[in-house]
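Colleague: Chain order of the listed sequences is G and E. Following the numbering used here, the numbering of the first sequence begins with 5 at its first residue and continues without gaps. Following the numbering used here, the numbering of the second sequence begins with 17 at its first residue and continues without gaps.
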Amino acid sequence: MTPDFDTTDKKIMKILQGDIPQTMHPYKDISEQLGISEDEVVHRINGYIEKQYIRRFGATLRHQKAGFSANGMAVWKIPEDDRQRVGEIIAGFREVSHCYERPTFPDWPYNIFAMLHGKSEDECRETALRIADEIDVKDFYILFSVQEFKKTSMVYFE
Amino acid sequence: MDDIDKEILNRIQTSFPVAARPYQELGQQVGITEQEAYDRVMNLYNTKIIRRMGASFDSRKLGFTSTLCAMKIPEEKLTETVRIINKHVGVTHNYKRNHDYNVWFTVISPSREKLLSILQGIEEESGISPIREMPAKQFFKIKVDFQFKKGEDEKEEKKVEVANDS
Chain G
5 MTPDFDTTDK
15 KIMKILQGDI
25 PQTMHPYKDI
35 SEQLGISEDE
45 VVHRINGYIE
55 KQYIRRFGAT
65 LRHQKAGFSA
75 NGMAVWKIPE
85 DDRQRVGEII
95 AGFREVSHCY
105 ERPTFPDWPY
115 NIFAMLHGKS
125 EDECRETALR
135 IADEIDVKDF
145 YILFSVQEFK
155 KTSMVYFE
Chain E
17 MDDIDKEILN
27 RIQTSFPVAA
37 RPYQELGQQV
47 GITEQEAYDR
57 VMNLYNTKII
67 RRMGASFDSR
77 KLGFTSTLCA
87 MKIPEEKLTE
97 TVRIINKHVG
107 VTHNYKRNHD
117 YNVWFTVISP
127 SREKLLSILQ
137 GIEEESGISP
147 IREMPAKQFF
157 KIKVDFQFKK
167 GEDEKEEKKV
177 EVANDS
């Protein structure tokens, strides 16, 4: 169910999925590149934001540089009838950026995933212990990233 | 980074102005001139604190589907298999992690069918299977900004989104 974007939308979105021009008047520069008016560029982008095709428009930081150097994927094994309660508690922790329920497998029993951020791995462990206390489920595992193989933004428009 | 830089980052992480003179608007928000706002943002770029300035699209709203995958890859096959995985444009994040499932990657694709064919291709080319595919069944929280407090480095998370996908 892909939305119906025209050629101009696709051209604008192709630019926005990368970096906007690092100039004083980025939208004017985009408009000149596409041969349309600056007003139209601004109007269309605001439309994508209103319709929530764009979740967030602005700067993405390098967490390491910004002082959040460690991240760990903490996983819990939570019974079916307790997932909602646990998910909502975990979501309330400010150290957690993402919290999802995911399917399990015979050799992977964990169904609740929380991405933890902190200054160090120890700080992530400490957060996980506080979460474990709060939800009263002690059995968890933290998968730290040992190596980053790839980290990019999706190319939706080519 | 001084307090004005932190204030700028807090604002432009959430929303960079979309208007004819964005830096004038940003400057007004934090109480500095258009030129200073521009210079400060460029400096945050050049010192690589800002990774990118643009749109984060909602893949689901665009009709795309996404998933998280885990694989158990023997150390001697790691480099080659990671190359096979990473060549797909839809693979946006890929990490080695401390578990028997040692490689974890995300895939975004225009359709479920195409996504599954990417995974099948990776299994065939690498000779390693199964890929454990774990698409989100429920979203309790997605993406927060890393908010800075004045005078310290603590982050403070700003918004909590609780959404039920089913």
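Idealized CB from N, CA, C, for every residue including glycine.
(1) Which of the residues in the region 14-33 of chain G, read from start to end, lie with their CB under 9 Å from any CB of chain E?
(2) If you draw a straight line from the alpha carbon of E:Trp120 to that of E:Ile100, how long is it in whole angstroms?
(3) So is G:Thr131 buried or exposed if we call it buried at 16+ other beta carbons inside 10 Å?
(4) Nearest to G:Asp43 by CA position, among E:Gly79, E:Lys22 and E:Ala36, is which residue?
(5) In this structure, does DSSP put G:Ile163 in helix, strand or coil?
(6) I want to see whether chain G comes within less than 8 Å of E:Ser72, judged by CB atoms only; does it?
(7) Residue range of the beta strand (DSSP E) that E:His115 falls in?
(8) I'd like to know if E:Lys64 contacts chain G, where contact means its C-beta is closer than 8 Å to some C-beta of that chain.
(9) Does E:Gly143 have its Cβ less than 8 Å from a Cβ in chain G?
(10) Mind reading off the beta-carbon distance from G:Tyr57 to E:Lys77? Whole number of angstroms is fine, and I expect it under 8 Å.
(11) Would you kindly check if the distance between the Cβ of E:Thr108 and the Cβ of E:Leu84 is under 8 Å?
(12) What are the residues that DSSP puts in a beta bridge with E:Cys85?
(13) Compare the C-beta of G:Gly62 against all C-beta atoms of chain E and say whether one is closer than 8 Å.
(14) Where do the ends of the alpha helix (DSSP H) carrying G:His47 lie?
(15) Please confirm if G:Arg134 has its CB atom under 8 Å from at least one CB of chain E.
Modeller: So, from the data block:
(1) Those residues of the region 14-33 of chain G that come within reach of chain E (Cβ to Cβ, closer than 9 Å) are Met17, Ile19, Leu20, Gln21, Gly22, Asp23, Ile24, Gln26, Thr27, Met28, His29, Pro30, Tyr31 and Lys32.
(2) As a working note, residue 120 of chain E is residue 104 in the second sequence. As a working note, residue 100 of chain E is residue 84 in the second sequence. Approximately 14 Å between the Cα atoms of the pair.
(3) Taking the first sequence and counting its residues from 1, the one referred to as residue 131 of chain G is at position 127. When all chains shown are included, G:Thr131 counts as buried.
(4) One-based indexing of the first sequence puts residue 43 of chain G at position 39. That would be E:Ala36, whose Cα lies nearest to the Cα of G:Asp43.
(5) Because chain G is modelled from 5 through 162, residue 163 of chain G falls outside the range shown and cannot be assessed.
(6) The residue given as residue 72 of chain E occupies position 56 in the second sequence. Answer yes: the Cβ-Cβ gap between E:Ser72 and chain G drops below 8 Å somewhere.
(7) Counted from its first residue, the second sequence places residue 115 of chain E at position 99. Element bounds for E:His115: n/a, residue is neither H nor E.
(8) Indexing the second sequence from 1 puts residue 64 of chain E at position 48. At a cut-off of 8 Å between C-beta atoms, E:Lys64 counts as an interface residue with respect to chain G.
(9) Stepping through the second sequence from its first residue, residue 143 of chain E is reached at position 127. For E:Gly143, the answer is no, since every Cβ of chain G falls outside 8 Å of its Cβ.
(10) Position 53 of the first sequence, counted from the first residue, corresponds to residue 57 of chain G. Position 61 of the second sequence, counted from the first residue, corresponds to residue 77 of chain E. At roughly 5 Å, the Cβ-Cβ gap stays under 8 Å, so G:Tyr57 and E:Lys77 are in contact.
(11) To locate residue 84 of chain E, count along the second sequence from 1; it is residue 68. To locate residue 108 of chain E, count along the second sequence from 1; it is residue 92. E:Leu84 places its beta carbon 8 Å or farther from that of E:Thr108.
(12) For the purposes of this step, residue 85 of chain E is identified with residue 69 of the second sequence, where counting begins at 1. Answer by DSSP bridge pairing, in chain order: E:Phe121 and E:Glu149.
(13) Walking along the first sequence from the start, residue 62 of chain G turns up at place 58. Cβ-Cβ to chain E under 8 Å: yes for G:Gly62.
(14) Stepping through the first sequence from its first residue, residue 47 of chain G is reached at position 43. First-last of the alpha helix (DSSP H) with G:His47: Glu42 to Glu54.
(15) Working through the first sequence from its first residue, we reach residue 134 of chain G at position 130. Not an interface residue.
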